[in-house]
Amino acid sequence: MPKVGVQPIRRKQLIDATIQAIHRYGYGDATVARIASTAGLSAGIIAHYFGGKNELLAATMRSLLTDLRREAIRRLTQADSPLARVEAIVAANFDETQCTPEVVAAWLAFWAQVPHAPELARLQGVYRRRLRSDLRHALRQLKLAERDLDEMTEVLGSLIDGIWLRAALAEDGLDIPAARRRVMTVLRLHLLAAAADA
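Residue numbers (numbering that gives the first Met the number 0): 0 to 197.
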């Protein structure tokens, strides 16, 4: 009979092991046996808690998305101005916990699988819609003209993903303060240009 409360611990242990195995072996070679070995558990436990490798990989991506969402909410609750709200969203997406080599490897692996795995594609869609909604809400509070709202939402979302991806593939990794600064500089330049045109 399993101990009460063990399931969440085991699930988290296997998700963490999946992130480690993807980093160490790559997505394709992160086998059930390697993930279980990384966790220090038997391979059968993955089937018990997740049903199989694909479900474990989807659960791992959901866990990363949940961590990202939690961080965004934490930062947004501390934001005291419309501009600070945008900065909070940007900072959450470039949070140190999202930028470790292990987590970066997992995100890259998941993104590469999105066209081939419906559940990962669905989760990527959740991320994209959430980022767009958060940015749009924050930008609306900056009193952007309606014609600029969609454009700036798309530009900032593309910058966040693009800078993150480019840095993730660079040998020297991600300069987190520089990444945040670059995204915010684009917004500030846009706001200055909009003010000059008004």
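We treat Cβ as the ideally placed atom computed from N, Cα and C, and that holds for glycine.
Computed from a prediction, not measured in an experiment: that's the story for all the values here.
The three-state reading of DSSP puts T30 in coil, since its state is none of H, G, I, E or B. Rounded to the nearest angstrom, the gap between the Cα atoms of E145 and R128 is 19 Å.
T76 is positioned such that its CB atom lies no closer than 9 Å to that of F109. Taking E101 as the centre and dropping the five residues before and after it, the same chain places the C-beta of I18, Q19 and H22 closer than 7 Å to its C-beta, in chain order. Annotated three-state conformation of K11 is helix, per DSSP.
Taking L67 as reference, the option from V85, R10 and Y126 with the minimal CA-CA separation is Y126. Counted as a single uninterrupted DSSP element, the alpha helix (DSSP H) harbouring T59 occupies residues K52 to Q77. Assignment of A120 by DSSP, reduced to helix, strand and coil, places it in the helix class.
For D94, the three-state secondary structure derived from DSSP is coil.
Contact check for L148 against L158 fails: the beta carbons are separated by 9 Å or more. G161 carries a helical assignment under DSSP once its states are collapsed to helix, strand and coil.
Note that the C-beta distance between L141 and P81 is below 9 Å. For the pair of segments examined, the region 24-32 was found not to touch the region 83-102: the number of CB pairs separated by less than 8 Å stays below three. Ranking M151, R10 and P7 by CA distance to the CA of L188 puts M151 first.
Of the residues assessed, R74 falls on the buried side of the cut-off, its CB having 16 or more other CB atoms within 10 angstroms. Distance between S62 and S132, taken at the CA atoms: about 20 Å. Annotation for H189: the continuous alpha helix (DSSP H) segment containing it runs I175 to D196. Sequence-distant Cβ neighbours of T65 in its own chain, meaning closer than 6 Å and more than five residues away, do not exist here. Straight through space, the alpha carbons of W106 and L164 are spaced by roughly 9 Å.
Note on I72: under 16 other CB atoms within 10 angstroms of its CB, so exposed under the neighbour-count rule.
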